[in-house]
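Read in the numbering used here, the sequence shown has 383 at position 398, and its numbers run on one by one without any break. Note that the Cβ used here is the ideal one computed from N, Cα and C, for glycine as well. Input: a single structure, listed below in structure tokens.
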Amino acid sequence: MLEFPRWKYVLILVVLVVAALYALPNAYQKNPSVQITASTSEARIDAALRQKVDGLLRQAGVTPLATEIDEDHLLVRLPDSDTQTRASDALRGALGENYSVALNLASTVPEWLANLGAKPMSLGLDLQGGVHFVMQVDQEAALQKRVEGYADGIRTVLRDARIGYSSVERRNDNSIGVVLVEGADVNRARSEIATSLASASGQAMGGSGPQILADGNRLTVRLSQGEITRIATDAVEQNRTVISNRINAIGVSEPVLQRQGDDRLVIQLPGLQDTAEAKRLIGATATLEFRAVTGDENQAAAAVASGSIPADSRIFYNEAGQPLLLSRRILVSGDQLINANPQTDSQTGTPAVGITLNSAGGKRMLDHTLQNVGQRLGIVYVERIPTVRIVDGQEVRSARSVERVISSSTIRGVFGREFQTTGLSREEANDLARQLKAGALAAPMDFVEERVVGPSLGAENVERGITAVVYAFMFTLVFFMLYYRMFGIVTCLALILNLLIVVAVMSLFGATMSLPGFAGLALSIGLSVDANVLINERIREELRAGMPPKAAIVTGYEKASDTIFDSNLTGIIAGTALYAFGTGPLQGFAVTLVIGIIASMFTAIVVSRALVTLVYGPRKKLKSLAI
């Protein structure tokens, strides 16, 4: 009996409506736009900035489609990419270093669709384009930081070994000069330093690690060329790992992150919406430094007024602009942080960041707090902000550091690896926790190139690809209508719904469609066609065997379903293996393939049978089938 349960019709209708709803955002083209974000705490995104931007655009002869304030950024929608470039050039130089001006593609999806969680399917850099960054690692800063760490370690070793010294300083040639007090055991000092540096550098002394030269009571620790090269290479690799973690935190599918030359990283973020946020998170080098407070506010003010600052201290300023005297020695730095989470202080109810240090940092903090309960501990927030200036029509990129004391509280008790820092606003606590959790950069990085790139195969190839898909569907429709007649029309309707479901699912879950993904989609559609061919041919066989038309339809679907399920199951297993063991584009191919196979099984077995039942229902008398 040719029947189909009503609840399955309801299911198909629901799937059709939901698929159409979540596939609909892909019909809306994105606007080229310029996104302006505050890069410092002094900058504001408000109506005054909007008026200023509108005035600058009028002066440049640029007419925007719209200028919108959206939460923490200002978005300028523009009609085309050429106008986008002109607007960006006009705004970058005028707004200065307090604002970040980034190229973007702004969604035009209606608000009612966005409120339902519907969004366009992300396209890969080879189809839609995306953000392309080139970042340069400051290897000299990494070298200086490592040498400063060696110098600090030497001071600690000599103190622990009770060997007197008058100075341990880093020299301009990145060597370390150690001056011992008269009568100190030079050989013992040399041995202690050698052991410490061998452990810290991971290299055996006398090989490619630091070399120690003695001249009376003076020691010189000199880095070999091999050690310098290793530090530079390690800095790039560590930054690469950190940037990878930060990209993952942004949530970009199939990003490209690779080295270029000795000191550059290429970053491609396909289909990214908020490029300004990505640039801020990727390029920021915000971290914390814990330093002992060596003088109160009055002493700091007197030191600033007289210009006489103690040799072991530096002047820092808090958020109110008041000077503070803090030790030059960094007790714990950001690279010793393991985890950081925004919290609320249980005693005061104010925003805080819960910090976890590694064992070395925890030990140093424990040793310091054991001896300094009742003393003050300063927490310095350090941020390196990329800046861009226009000089003779050319972009000149540099960076400026902002250092401010966010807390200088009294040490109330002894603590080590885990503790809280307060004195932040809720937004600062969230931002700082995200940056610190992503990891500390081994060396500062600068954006040396930034652009939104188009499809790597060109707009013409993309247009040809779409044309090829349209002609393929038209050819399939004509072929199936001529060969299978009414069942051919049913097959084509099932194929269209299959494509709609795949697009809707990938849009709903934020999957990225790339050229390999289109290959997976084409393969899944081929499997769907194959499933319908199996069903139609099985029905033909039953008709040739003399079975009545309706019975032939029922038998054809029932007997072909097992074969279809088995063949598609092997495809799902293969796609799952590709996703589990593959990376990048291969995973994109696997995701599209698996989604397409599941959708094709549903449309071939369930949807096509529902349509056939509607056409040749149980109340209709059939003498023959148009197949």
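For this session: For the segment 21 to 93, list the beta strand (DSSP E) runs that are entirely contained and at least 3 residues long, ordered along the chain.
Result: 51 to 55, 58 to 62, 84 to 91
Problem set entry | Contact set for Val317: own chain, Cβ-Cβ below 7 angstroms, skip 5 residues either direction | Here residue 317 is taken as the residue at index 332 of the sequence shown, counted from 1. So the list reads Phe275, Leu342, Gly346, Arg349, Met350, once near-sequence residues are dropped.
Problem set entry | Ala545 in three-state terms, based on DSSP | In the sequence shown, the residue the question calls residue 545 occupies position 560. DSSP places Ala545 in helix when its eight states are reduced to three.
Exercise. Can you tell me whether DSSP reads Arg470 as helix, strand or coil?
Worked result: On the sequence shown, residue 470 is found 485 positions in, with the first residue counted as 1. DSSP places Arg470 in coil when its eight states are reduced to three.
For this session: Helix, strand or coil for Phe460, going by three-state DSSP, please let me know.
Result: For the purposes of this step, residue 460 is identified with residue 475 of the sequence shown, where counting begins at 1. Helix, per DSSP.
Exercise. From which residue to which residue does the beta strand (DSSP E) around Gln253 run?
Worked result: Reading the sequence shown from its first residue, position 268 is the one you call residue 253. 249 to 255 is the extent of the beta strand (DSSP E) around Gln253.
For this session: Would you kindly work out how many angstroms separate the C-alpha atoms of Gly401 and Arg361, rounded to a whole number?
Result: The residue you call residue 401 lines up with position 416 of the sequence shown. The residue you call residue 361 lines up with position 376 of the sequence shown. Whole-angstrom Cα-Cα distance: 16 angstroms.
For this session: Check whether the segment 465 to 481 touches the segment 543 to 561, counting contact only when three or more Cβ pairs, one atom from each stretch, lie closer than 8 angstroms.
Result: no
For this session: Give the DSSP-derived three-state secondary structure of Asp352 in the structure shown.
Result: In the sequence shown, counting from the first residue as 1, residue 352 sits at position 367. Helix.
For this session: Count the C-beta pairs between the segment 591 to 606 and the segment 476 to 492 that are closer than 8 angstroms, then say yes if the count reaches three, no if not.
Result: yes
Exercise. Start and end of the alpha helix (DSSP H) containing Gln245?
Worked result: Counting from one through the sequence shown, the residue named residue 245 turns up at place 260. Unbroken run through Gln245 is the beta strand (DSSP E), 241 to 245; no alpha helix (DSSP H).
For this session: Take Val166 and list the residues in its own chain whose beta-carbon comes closer than 8 angstroms to its own, dropping the five residues that flank it on each side.
Result: Mapped onto the sequence shown, residue 166 falls at position 181. Around Val166: Gly149, Tyr150, Ser151, Asn202.
Exercise. With 16 other CB atoms within 10 Å as the buried threshold, where does Phe550 fall?
Worked result: Taking the first residue of the sequence shown as position 1, residue 550 is located at position 565. Phe550 is exposed by the Cβ-count criterion.
For this session: For Met430, write down the residues that DSSP places opposite it in a beta bridge.
Result: To locate residue 430, count along the sequence shown from 1; it is residue 445. Paired residue(s): Val122.
Problem set entry | Contact the segment 99 to 108 vs the segment 487 to 499: 3+ CB pairs below 8 angstroms | yes
Exercise. If you follow the alpha helix (DSSP H) that Pro501 is part of, which residue opens it and which one closes it?
Worked result: By one-based count along the sequence shown, residue 501 stands at place 516. Note, Pro501: alpha helix (DSSP H), 500 to 529.
Problem set entry | Candidates Ala91, Phe(-11), Ser209, of which the one nearest Asp158 by Cα | Position 173 of the sequence shown, counted from the start, is the residue given in the question as residue 158. When each option's Cα is compared against that of Asp158, the closest is Ser209.
Exercise. What are the boundary residues of the alpha helix (DSSP H) that includes Leu1?
Worked result: As a working note, residue 1 is residue 16 in the sequence shown. Note, Leu1: alpha helix (DSSP H), -9 to 8.
For this session: Please state if the CB of Ala287 and the CB of Pro308 are separated by a distance shorter than 7 angstroms.
Result: Translated into the one-based positions of the sequence shown, residue 308 becomes position 323. Translated into the one-based positions of the sequence shown, residue 287 becomes position 302. Not closer than 7 angstroms, so no.
Exercise. In angstroms, rounded to a whole number, what distance separates the CA positions of Leu80 and Leu41?
Worked result: Sequence index remark: in the sequence shown, residue 80 carries index 95 (1-based). Sequence index remark: in the sequence shown, residue 41 carries index 56 (1-based). Distance between the alpha carbons of Leu80 and Leu41 is about 9 angstroms.
Exercise. In its own chain, which residues sit with a C-beta less than 6 angstroms from the C-beta of Pro336, not counting the 5 before and 5 after it?
Worked result: Here residue 336 refers to the residue found at position 351 when the sequence shown is read from its first residue. Closer than 6 angstroms at the Cβ level, and outside the excluded window around Pro336, lie Leu409, Arg411, Ala414.
Exercise. Apart from the five residues just before and just after Ala611, which ones in its own chain have a Cβ nearer than 6 angstroms to its Cβ?
Worked result: Taking the sequence shown and counting its residues from 1, one reaches residue 611 at position 626. Closer than 6 angstroms at the Cβ level, and outside the excluded window around Ala611, lie Arg470, Met471.
For this session: Please determine if the segment 93 to 103 and the segment 32 to 49 are in contact, where contact requires at least 3 C-beta pairs separated by less than 8 angstroms.
Result: no
Exercise. Considering Arg155, what are the terminal residues of the beta strand (DSSP E) in which it resides?
Worked result: In the sequence shown, residue 155 corresponds to position 170, counting from 1. Start and end: 150 to 155.
Exercise. Under the DSSP definition of a beta bridge, which residues are partnered with Ile216?
Worked result: The residue labelled residue 216 in the question sits at position 231 within the sequence shown. Paired residue(s): none; Ile216 is not in a bridge.
Problem set entry | Gly581, buried or exposed, once every other Cβ within 10 Å from all chains shown has been counted against 16 | If you number the sequence shown from 1, residue 581 lands on position 596. Gly581 is buried by the Cβ-count criterion.
For this session: Only counting runs of 3 or more residues, tell me where the beta strand (DSSP E) segments fall wholly within the segment 271 to 299, in order along the chain.
Result: 272 to 280
Problem set entry | Cβ distance (whole Å) where Ala87 is taken to contact Lys264 below 8 angstroms | Translated into the one-based positions of the sequence shown, residue 87 becomes position 102. Translated into the one-based positions of the sequence shown, residue 264 becomes position 279. Right, the Cβ-Cβ distance comes to about 6 angstroms (below 8 angstroms), so this counts as a contact.
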